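This report refers to the structure that appears directly beneath it.
In my numbering, the protein residues as written are 19 to 200.
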């Protein structure tokens with residue numbers, strides 16, 4: 019095999035997927051298949067979703083060693099990601115200011131110092147809206163009213179409306195572009 023092609027394949031294998039840059043993949047216990055991330059799994063498997071906390075084994079993308087959920091490969095020693103959260107089974111080589119919120123039960127991005135957790139809403143919000151924030155009981159546990167997909171664990175940031183309701187920022191932007199009134 020041409021050396022340039024081999025290097026390109028090796029780099030892509032190490033990169034992860036379109037959702038995350040990481041050096042490992044997951045063994046999905048629900049179907050016994052290897053996927054780069056839960057979103058790739060859910061896009062491919064139409065009959066079920068991967069519960070991230072159920073993942074018990076990962077595969078090193080460098081040496082193919084199947085192992086428990088750890089930060090570094092037990093075989094070759096490679097670090098699977100700049101950020102690692104054992105609770106969420108999250109690995110990411112891009113620094114996005116990731117942090118785990120025990121109250122939300124998930125990892126968030128943007129730097130923990132820039133957010134506060136509202137116990138009533140059950141969600142982390144930017145510090146910039148702390149004084150004007152309108153609480154709605156467990157608002158993040160609802161679906162986006164536009165796309166009907168979950169808000170709480172979505173990788174898409176939420177737009178907080180003045181009334182306190184949430185929707186995906188991408189859905190909010192689409193509504194603005196279509197001049198739909200919210």
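C-beta: ideal position from N, C-alpha, C; glycine also. None of the values given here were measured: they were computed from a predicted structure.
- Around the Cβ of residue 66, are there at least 16 other Cβ atoms within 10 angstroms (buried) or fewer (exposed)? Residue numbering aside, residue 66 sits at position 48 when the chain shown is read from its first letter. With fewer than 16 other Cβ atoms within 10 Å, it is exposed.
- Buried/exposed call for residue 88, threshold 16 Cβ in 10 Å: The residue labelled residue 88 in the question sits at position 70 within the chain shown. By the neighbour-count rule (16 or more Cβ atoms within 10 Å), residue 88 is not buried but exposed.
- Residues that residue 122 bridges to, as DSSP identifies them: One-based indexing of the chain shown puts residue 122 at position 104. Bridge partners of residue 122: none, in fact.
- Query: Does the beta-carbon distance from residue 125 to residue 106 come in below 7 Å?
  - Reply: Locating residue 125 in the chain shown gives position 107, where the first residue counts as 1. Locating residue 106 in the chain shown gives position 88, where the first residue counts as 1. Contact flag set, yes.
- Message: Let me confirm a value: residue 180 is counted as buried when at least 16 other C-beta atoms fall within 10 Å, else exposed. Which label applies?
- Response: Reading the chain shown from its first residue, position 162 is the one you call residue 180. So residue 180 ends up on the exposed side.
- Exposure label - residue 81; buried when at least 16 CB within 10 Å: Taking the chain shown and counting its residues from 1, the one referred to as residue 81 is at position 63. With fewer than 16 other Cβ atoms within 10 Å, it is exposed.
- Query: With 16 as the cutoff for other CB atoms within 10 Å, does residue 114 come out buried or exposed?
  - Reply: Within the chain shown, numbered from 1, the residue matching residue 114 stands at position 96. Classification of residue 114: exposed, given that the 10 Å Cβ count is below 16.
- Query: Does the stretch 128 to 143 touch the stretch 55 to 71, meaning 3 or more C-beta pairs lie closer than 8 Å?
  - Reply: no
- Task: Could you tell me the distance, in whole angstroms, from the CA atom of residue 53 to the CA atom of residue 79?
- Result: Here residue 53 corresponds to residue number 35 of the chain shown, with the count starting at 1. Here residue 79 corresponds to residue number 61 of the chain shown, with the count starting at 1. Their Cα atoms are separated by approximately 11 Å.
- Which value, in whole angstroms, describes the spacing of the CA atoms of residue 91 and residue 68? For the purposes of this step, residue 91 is identified with residue 73 of the chain shown, where counting begins at 1. For the purposes of this step, residue 68 is identified with residue 50 of the chain shown, where counting begins at 1. Spanning the two alpha carbons is a distance of roughly 23 Å.
- Within the same chain, show all residues whose beta-carbon is closer than 6 Å to that of residue 170, passing over the 5 residues directly before and after it, in chain order. For the purposes of this step, residue 170 is taken as residue 152 along the chain shown, with counting starting at 1. Residues 158, 159 of the same chain have their beta carbon placed closer than 6 Å to that of residue 170, with the five preceding and five following residues left out of the count.
- Between which two residues does the alpha helix (DSSP H) carrying residue 187 extend? The sequence position of residue 187 within the chain shown is 169, counting from 1. Per DSSP, residue 187 belongs to the alpha helix (DSSP H) from 187 to 195.
- Task: Taking all protein chains shown into account, decide if residue 56 is buried (16 or more other Cβ within 10 angstroms of its Cβ) or exposed.
- Result: Looking up residue 56 in the chain shown gives position 38. Buried: at least 16 other Cβ atoms inside 10 Å.
- Query: Taking the DSSP output, what are the residues bridged to residue 86?
  - Reply: By one-based count along the chain shown, residue 86 stands at place 68. 75, per the DSSP bridge assignment.
- Item | Between the CA atoms of residue 133 and residue 151 - distance to the nearest angstrom | By one-based count along the chain shown, residue 151 stands at place 133. By one-based count along the chain shown, residue 133 stands at place 115. Their Cα atoms are separated by approximately 12 Å.
- Message: Bridge partners for residue 177 per DSSP, in chain order?
- Response: Residue numbering aside, residue 177 sits at position 159 when the chain shown is read from its first letter. Residue 177 is bridged to 185.
- Query: What does residue 43 pair with, by DSSP beta-bridge criteria?
  - Reply: The sequence position of residue 43 within the chain shown is 25, counting from 1. Paired residues: 77.
- Item | Expected contact under 8 Å - CB spacing of residue 45 and residue 84 to nearest Å | Position 27 of the chain shown, counted from the first residue, corresponds to residue 45. Position 66 of the chain shown, counted from the first residue, corresponds to residue 84. Right, their Cβ atoms sit about 7 Å apart.
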